[in-house]
Amino acid sequence: MQTTHSAHTGFPARQSQGVGRVACPGCDLLLEINVLSDGSRAACPRCNHTLTRHIHDGYNKVLAYSVAGLILLVLASSYPFLSFAVAGLESEMTLINTPGALWRYGMPGIGALVATFIILLPALTLLMSGAVAAALLTGRRYTWLVPCARFIFLWQGWAMAEVFIIGVIVSLVKLATMATVVLGVSFWCYGAFTLCLIVALSNLDRYRCWEDIEAVMRDD
Ligand SMILES: [Zn+2]
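Residue numbers (the numbering used here): 48 to 267.
Quick look at the structure:
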């Protein structure tokens, strides 16, 4: 059995109240988490893995970036993503048509994966992040709160919007030498959506979120 250590935070531990104990995701060391001051961070003394950090106005930021990101995703789905012109032939690509095009070219599996990882999972993760943040801000108990939080922390690593946008930029460098490429409104909206997704998830602290959900479910 592992020894219990206290992660340095500068505040008294809540171990006496029976809360604030967590296993380090990096090395599995069992630790006590103290109450954090604004802007401070609790790290594992053995592997320095960040366990939790206090984010000022964290849920408000998550909610704001989630709403902004979802609006941008709707705009990204409504306008052309890229258009190509080569030897008098023009072609236009939209975000929604990308998985369908792969399907038509005989790659249905890749089309389904692309739809899942660049549209479905990022959209669901952002939607649920906003919903969880709004619920925790109001302090009200909802039956979907725990399943939504589980979904976010289980699947957020598979929301690959940033991988897609970087892949598109790298492809454009090659295509620009062969064809005239025009970036559509959708491209910029999807880029901004990706930034909103990254910022929203980085402001949602896993440990703090579960602690607050537990408090909401207990109090109500
Ligand atoms: Zn550790």
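Glycine included, every Cβ here is placed at the ideal spot set by N, Cα and C.
* Please report the Cβ distance between G73 and C91, rounded to the nearest whole angstrom; I am assuming they are in contact, meaning their Cβ atoms lie under 8 angstroms. => 6 angstroms
Identity of the residue in A170, C236, W191, T227 nearest W205 by Cα: A170
| field | Chain-ordered list of residues that sit, by beta carbon, closer than 7 angstroms to a heavy atom of ligand 1 | value | C71, G73, C74, L76, C91, R93, C94, H96
Beta-carbon proximity list for I157, same chain, < 8 angstroms, skipping 5 on both sides
L149.
Are the Cβ atoms of I260 and F211 separated by less than 9 angstroms?
-> no
For L173 and A162, the rounded distance between their alpha carbons: 16 angstroms
Practice problem: Specify the secondary structure class of N144 as computed by DSSP and reduced to three states. | Solution: helix
**Request:** Alpha carbon to alpha carbon, how far is L183 from H101? Give it in angstroms, no decimals.
**Result:** 15 angstroms
| In chain order, what residues of the same chain have a beta carbon less than 7 angstroms from the beta carbon of L120, not counting five sequence neighbours either side? | A170, F240
Q: For the alpha helix (DSSP H) containing A89, list its first residue and its last residue.
A: Counting along the chain, A89 falls outside any alpha helix (DSSP H), though it belongs to the beta strand (DSSP E) covering 88-90.
On the DSSP bridge list, what partners appear for R255?
In DSSP, R255 forms no bridge with anything.
To the nearest angstrom, how far is the alpha carbon of A180 from that of F198?
Each residue's alpha carbon lies about 14 angstroms from the other.
Query - Boundaries (first-last residue) of the beta strand (DSSP E) holding R100 - result: First-last of the beta strand (DSSP E) with R100: 97-100.
| said: Looking only at its chain, what residues have a beta carbon closer than 7 angstroms to the beta carbon of A115, apart from the 5 residues adjacent to it on each side? | reply: C243
Contact under 9 angstroms by Cβ, P127 with G238: no
ask   = Measuring CB to CB, does S233 end up less than 9 angstroms from A123?
value = yes
- With a floor of 4 residues, list each alpha helix (DSSP H) that falls wholly inside the region 162-210, ordered by position along the chain. Within the region 162-210, the complete alpha helix (DSSP H) runs of at least 4 residues are 168-185, 192-202.
* How close, in whole Å, do the beta carbons of T99 and A89 come, if the pair is a contact with beta carbons under 8 angstroms? -> 5 angstroms
Review point. With 16 as the cutoff for other CB atoms within 10 Å, does P194 come out buried or exposed?
Key: exposed
In three-state DSSP terms, what is V82? coil
Just how far apart, CA to CA, sit L76 and V220? Their backbone Cα atoms lie some 46 angstroms apart in a straight line.
Worksheet item: Within 10 angstroms of its Cβ, does L78 collect 16 or more other Cβ (buried), or is it exposed?
Response: Classification for L78: buried.
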